[in-house]
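Remember, our numbering sits 55 above the position in the sequence shown when you count from 1.
Data first, discussion second: the structure below is written as structure tokens.
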Amino acid sequence: MTGALDDLFGGRKDEGQRRVVPVMVPMPAPKPYSYAVPVDMHVEPGSIVQVPLGPRQVIGVVWDEGEENRVEAKKLRPITLAFECPPLKPDHRRFLEWVAQYTLSPPGLVARMALRAPAGFDPEPMVEGLRFTGEKPDRMTPARARVLDLAEDGLSWTRSGLANAAGVSASVIDGLVAQGVFETVFLPPRPIVAAPDPEFVASRLEGAQADAAAELLDEVRSGRFSVALMDGITGSGKTEVYFEAIAETLRQGKQVLILLPEIALTASFLERFQDRFGAKPAEWHSDLAPKTRERVWRQVATGDVRVVAGARSALFLPFDNLGLIIVDEEHDPAYKQEDRVFYNARDMAVVRGHIGGFPVVLVSATPSVESQVNGLSGRYRAIHLPVRFGEAELPDLHLVDMRRHAPARGGFLSPVLIRAIGKTVERGEQALLFLNRRGYAPLTLCRVCGHRFQCPQCASWLVEHRFKGQIQCHQCGYAEKTPDACPECGTFDHLVACGPGVERIAEEVERHFPDARTIVLSSDILGGVRRLRLELEAIAKGEADIVIGTQLVAKGHNFPLMSLVGIVDADLGLANGDPRAAERTFQLLSQVTGRAGRSGLKSHGLIQTYQPAHPVMQAIVSGDAHAFYEREIAERERAKLPPFGRLASIIVSADSRADAEAHARALRLAAPSGLGISVLGPAEAPLALIRGRHRFRLLVHGKRNADMQTFLRQMLSNAPKERGSVQVQLDIDPQSFL
Ligand code: ADP
Ligand code: ZN
């Protein structure tokens, strides 16, 4: 206002008089930059703006005033333009700050995650429509009568919508327009999804389901922050129950976010939601078309989208009035982002609820140990669903001791499993073989000289993909044609594949069951996510007899004819030195075996292992998850591992091994003392070389209440500056130790 008056009276226009605001730019800057606000521009905290940054124009967010909050610019430049778009809400801005502070990431990079829809900041264009004027046409025809019948009430239609609804050609409509029977009007753009109706078709819940739903409704009605942990075996009705919490939140006029780990593959979830609420939720994940992405972003901001089902990044959408977050499969490792900003969406969802003052519901058949402990201590409200719904029964699970039931030479399937597959296929039912290894064989070597094929840029073996005729690096994507001769000794036809991948299991299956319809499902499938969705639908319809898949098949799909699940190598995940290895294996195997018997068919699971006495194997076959968790929790408590202690890892990488190691050592020396936090390492990372960068790791270990962030900040500021190619990446609460 003052600015405008000054202008009018030719008043002083020195720096002191111009309005200056902090703007968070999408850069790794520690604080917002100052910009001048042009006199005729309205901005407020949260406004999305375009500003000059060096020679470029970037998108930023006007941040909150506050002296400490600003980097003083030498030369104050004006904001270029302010988008006509709802400002990011204060609780959203506090959330972004919190994530930055917790993960020790530059706030600008966190803010950038909230701005990933460039063209979504401008309003969508209006759509041309038609409205009945009350005029009569020169003569009436049956087609015209049908059109007028529909449009008589004076509501607006699009030209094609009206033609379709009336079953007439567009020229009939044009004729009526020409006679003034219709006038052109401008309509707001159509919503990306219709509004969900909380009363559309409610399920009848009884017993434990009804109790569980009542507890969730309690939380929703209280309208306060709370966390509930709902566990129950696959098929016990967890989804059905949390739909009730969603319905109640919708009745309150608030928005809902459902986080799912593999949203791109869960078309069946969207349909189920539609059956319950009469409309699909808006989807949010990296496979969305850019146009759709922008519309979803905008309509979440305006509040037109009521429910979003999304991958972890949906947490950063600009909700207008968020009232509930559901985190389905809360234990899933896919919730952890390990790129730029390292964060766990499950944990950040709880933070989002805390800041926004609304309930968060964590859901899983096999909760993470961290959440279990919070459930047991009463920090989270524990809600338990004990049995499968209706006819569905859990599969009968048996261990196959591979020391006693060895596969035939060159094979990986024990005779027991092969017999079971045969019987299943004979009955016209489906078998699923699970092996979490893509490609044909994890290692290829030359029988003559022993040469192993290794990635030229990474310390990892090349994996043979026989269908594609390639050997590939699973770290960096490097691929070459599978050679005929050994590059070392030149011998032809002496390359041997060591160990199995899904393609090799498929080959073995086809040898035994040449007439069965066999399909391999992994992320290598040609045609990407779309093709995968189609294949999953085809399997659900019974169009395959034997499915061989990686963890992609473990998630959320419903295959009614699936009555046998075979785990090819249950020991695979146990031997990788990860403190969560047992937990992960338990979760993954439970999830895979849970794919069977979802429709009342008698079903079986056969688990091939060389360690039948291992606690994970025992927990799976006995169905005694409780004992498993108890043991796992005691183990973590003893070792002061999360959630009884805190971890952070520091990865130092550089073009040369010596530089990486030297900087890692310098960091170690820079560690402050007296905070009750210790540093282990540096040690060469298990993945010592990725994309030509050498890697060293430090592991930071503190007590449960240790202030890791302060410790790490001090350590980084004490340490010498990173020079040359050296990079330091911090990972708070690491999930990966490679
Ligand atoms: P979970 O999420 O625990 O795996 P779901 O909610 O998917 O379990 O339920 C498993 C199956 O049982 C689904 O097909 C679901 O439609 C059905 N179901 C569960 N509870 C009910 C209910 N109360 N009424 C009707 N169908 C139900
Ligand atoms: Zn590589």
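In this text, a Cβ means the ideal position worked out from N, Cα and C, and glycines have one as well.
Original post:
Would you call Cys544 buried or exposed, if buried means 16 or more other Cβ atoms sit within 10 Å of its Cβ?
Top reply: For the purposes of this step, residue 544 is taken as residue 489 along the sequence shown, with counting starting at 1. Answer is exposed; the Cβ neighbour count stays below 16.
Subject >> Beta-carbon proximity list for Glu190, same chain, < 8 Å, skipping 5 on both sides >> reply: If you number the sequence shown from 1, residue 190 lands on position 135. Excluding residues within five positions, the ones whose Cβ falls inside 8 Å are Gln234, Gly235 and Val236.
Subject >> Span separating the alpha-carbon of Ala137 from that of Thr648 >> reply: Residue mapping note: residue 137 aligns to position 82 of the sequence shown, counting from 1. Residue mapping note: residue 648 aligns to position 593 of the sequence shown, counting from 1. Taking the straight line joining both Cα atoms gives about 53 Å.
Original post:
Would the beta-carbon of Ser708 be found less than 7 Å away from any heavy atom of ligand 2?
Top reply: Reading the sequence shown from its first residue, position 653 is the one you call residue 708. No, since every heavy atom of ligand 2 falls outside the 7 Å radius drawn around the Cβ of Ser708.
Original post:
Comparing the CB of Phe444 with every heavy atom of ligand 1, is any distance shorter than 7 Å?
Top reply: What you label residue 444 is simply residue 389 of the sequence shown in a count that begins at 1. Checking every heavy atom of ligand 1 against the Cβ of Phe444, one is found closer than 7 Å.
Original post:
Can you find a heavy atom of ligand 2 that lies under 7 Å from the Cβ of Gln525?
Top reply: Against the sequence shown, residue 525 aligns to sequence position 470. Result no, Cβ not under 7 Å from ligand 2.
**OP:** Check each candidate in Thr357, Leu260 and Pro81 and name the one with the smallest Cα separation from Lys144.
**Re:** Sequence index remark: in the sequence shown, residue 144 carries index 89 (1-based). If we check each option's Cα against that of Lys144, Thr357 comes out closest.
Original post:
How would you label Leu63, buried or exposed, when you count the other beta carbons within 10 angstroms and need 16 or more for buried?
Top reply: As a first step, residue 63 must be located in the sequence shown, where it is residue number 8. Only weak support is given to the placement of Leu63: the predicted model assigns it a pLDDT of 39, under 50, and the value that follows is read from those uncertain coordinates. That one is exposed.
Subject >> Assumed close pair Gln663, Ile622 - CB separation to whole angstroms, cut-off 8 Å >> reply: Taking the sequence shown and counting its residues from 1, the one referred to as residue 663 is at position 608. Taking the sequence shown and counting its residues from 1, the one referred to as residue 622 is at position 567. About 6 Å separates the two Cβ atoms, so the contact holds.
Subject >> Span separating the alpha-carbon of Lys610 from that of Ile134 >> reply: Taking the sequence shown and counting its residues from 1, one reaches residue 610 at position 555. Taking the sequence shown and counting its residues from 1, one reaches residue 134 at position 79. Lys610 and Ile134: Cα-Cα distance of roughly 46 Å.
Original post:
How would you label Val781, buried or exposed, when you count the other beta carbons within 10 angstroms and need 16 or more for buried?
Top reply: The residue labelled residue 781 in the question sits at position 726 within the sequence shown. Burial call: buried.
Original post:
Contact check, Pro251 vs Leu305 under 8 Å by CB: the rounded distance?
Top reply: Taking the first residue of the sequence shown as position 1, residue 251 is located at position 196. Taking the first residue of the sequence shown as position 1, residue 305 is located at position 250. 6 Å between Cβ atoms; contact.
Original post:
Do Ala220 and Ala334 have their C-beta atoms within less than 8 Å of each other?
Top reply: Taking the first residue of the sequence shown as position 1, residue 220 is located at position 165. Taking the first residue of the sequence shown as position 1, residue 334 is located at position 279. Contact: no.
Original post:
What does DSSP give as the partner residues of Arg111 in its beta bridges?
Top reply: For the purposes of this step, residue 111 is taken as the residue at position 56 of the sequence shown. Paired residue(s): Leu108.
**OP:** Using beta-carbon positions only, say whether Ala420 and Gly287 come within less than 8 Å of one another.
**Re:** Here residue 420 refers to the residue found at position 365 of the sequence shown. Here residue 287 refers to the residue found at position 232 of the sequence shown. Contact flag set, yes.
Original post:
Run through DSSP, which three-state label would Ile601 get?
Top reply: Numbered from its first residue, the sequence shown carries residue 601 at position 546. Reduced to three states, the DSSP call for Ile601 is strand.
**OP:** Below 8 Å CB to CB, which residues in the same chain sit around Asp177 once its five sequence neighbours on both sides are set aside?
**Re:** Here residue 177 is taken as the residue at index 122 of the sequence shown, counted from 1. Excluding sequence neighbours, Asp177 sits near Phe138, Glu139 and Cys140.
**OP:** Below 8 Å on the Cβ atoms is my guess for Leu793 versus Ala740; work out the distance and round it to an integer in Å.
**Re:** The residue labelled residue 793 in the question sits at position 738 within the sequence shown. The residue labelled residue 740 in the question sits at position 685 within the sequence shown. About 6 Å separates the two Cβ atoms, so the contact holds.
Subject >> Candidates Leu735, Asp626 and Ser658, of which the one nearest Asp451 by Cα >> reply: For the purposes of this step, residue 451 is taken as the residue at position 396 of the sequence shown. Nearest of Leu735, Asp626 and Ser658 to Asp451, Cα basis: Ser658.
**OP:** Identify every residue that forms a DSSP beta bridge with Arg145.
**Re:** Residue numbering aside, residue 145 sits at position 90 when the sequence shown is read from its first letter. The displayed chain sequence assigns Pro, not Arg, to residue 145. DSSP output for Pro145 lists no bridge partner at all.
Original post:
If we ignore side chains and look at the alpha-carbon of each, how far apart do Asn491 and Gln530 end up?
Top reply: Walking along the sequence shown from the start, residue 491 turns up at place 436. Walking along the sequence shown from the start, residue 530 turns up at place 475. Taking the straight line joining both Cα atoms gives about 15 Å.
Original post:
Should Thr239 go down as buried or exposed, given a rule of 16 or more other Cβ atoms within 10 Å for buried?
Top reply: The residue labelled residue 239 in the question sits at position 184 within the sequence shown. Exposed is the call here.
Original post:
Just checking, does the region 750 to 768 make contact with the region 729 to 739 on the three C-beta pairs under 8 Å criterion?
Top reply: yes
Original post:
Among residues of its own chain, excluding the 5 on either side of Val223, which ones have a beta-carbon nearer than 7 Å to its beta-carbon?
Top reply: Locating residue 223 in the sequence shown gives position 168, counting from the first residue. Counting only Cβ-Cβ distances below 7 Å, and skipping sequence neighbours, we find Ala198, Arg201 and Val202.
Subject >> 8 Å CB neighbourhood of His147 in its chain, flanking five on each side removed >> reply: If you number the sequence shown from 1, residue 147 lands on position 92. Contacts found: Gly101, Ala169, Pro373 and Phe374.
Original post:
When every heavy atom of ligand 1 is checked, does at least one fall within less than 7 Å of the C-beta of Leu260?
Top reply: To locate residue 260, count along the sequence shown from 1; it is residue 205. Checking the Cβ of Leu260 against ligand 1 gives yes.
Original post:
Excluding sequence positions up to five away, which residues of its chain have a Cβ less than 6 Å from the Cβ of Arg778?
Top reply: For this step, residue 778 is matched to residue 723 along the sequence shown. So no residue of the chain qualifies.
Original post:
To which residues of the same chain is Gly209 closer than 7 Å at the C-beta, ignoring the five residues directly before and after it?
Top reply: Indexing the sequence shown from 1 puts residue 209 at position 154. Around Gly209: Arg186 and Phe187.
Subject >> Beta-carbon gap between Leu742 and Ala514 smaller than 8 Å >> reply: Taking the sequence shown and counting its residues from 1, one reaches residue 742 at position 687. Taking the sequence shown and counting its residues from 1, one reaches residue 514 at position 459. Yes, the pair counts as a contact, with Cβ atoms nearer than the cut-off.
Subject >> Cβ-heavy atom distance, Gly287 to ligand 1, below 7 Å >> reply: Taking the sequence shown and counting its residues from 1, one reaches residue 287 at position 232. Answer for Gly287: yes, Cβ within range of ligand 1.
Original post:
Is any heavy atom in ligand 1 found nearer than 7 Å to the beta carbon of Gln764?
Top reply: Taking the sequence shown and counting its residues from 1, the one referred to as residue 764 is at position 709. Checking the Cβ of Gln764 against ligand 1 gives no.
Original post:
Of the choices Ala625, Ala302, Ile603 and Arg367, whose alpha-carbon is the least far from that of Gln329?
Top reply: What you label residue 329 is simply residue 274 of the sequence shown in a count that begins at 1. The option with the nearest alpha carbon to Gln329 is Ala302.
Subject >> CA nearest to the CA of Thr573, picked from Asn613, Gln485 and His612 >> reply: Position 518 of the sequence shown holds residue 573. Among Asn613, Gln485 and His612, the Cα nearest to that of Thr573 belongs to Gln485.
Original post:
Would you say Asp48 and Val608 are within 8 Å of each other, going by their C-beta atoms?
Top reply: Past the edges of the chain, shown from 56 to 793, lies residue 48, and the structure says nothing about it.
Original post:
Are the beta-carbon atoms of Ile601 and Leu767 separated by less than 8 Å?
Top reply: Counted from its first residue, the sequence shown places residue 601 at position 546. Counted from its first residue, the sequence shown places residue 767 at position 712. Not a contact, by the Cβ cut-off of 8 Å.
**OP:** Under the assumption that Phe332 contacts Pro253 (Cβ atoms under 8 Å), give the Cβ distance between them as a whole number of angstroms.
**Re:** Your numbering for residue 332 matches position 277 in the sequence shown. Your numbering for residue 253 matches position 198 in the sequence shown. Confirmed, about 7 Å.
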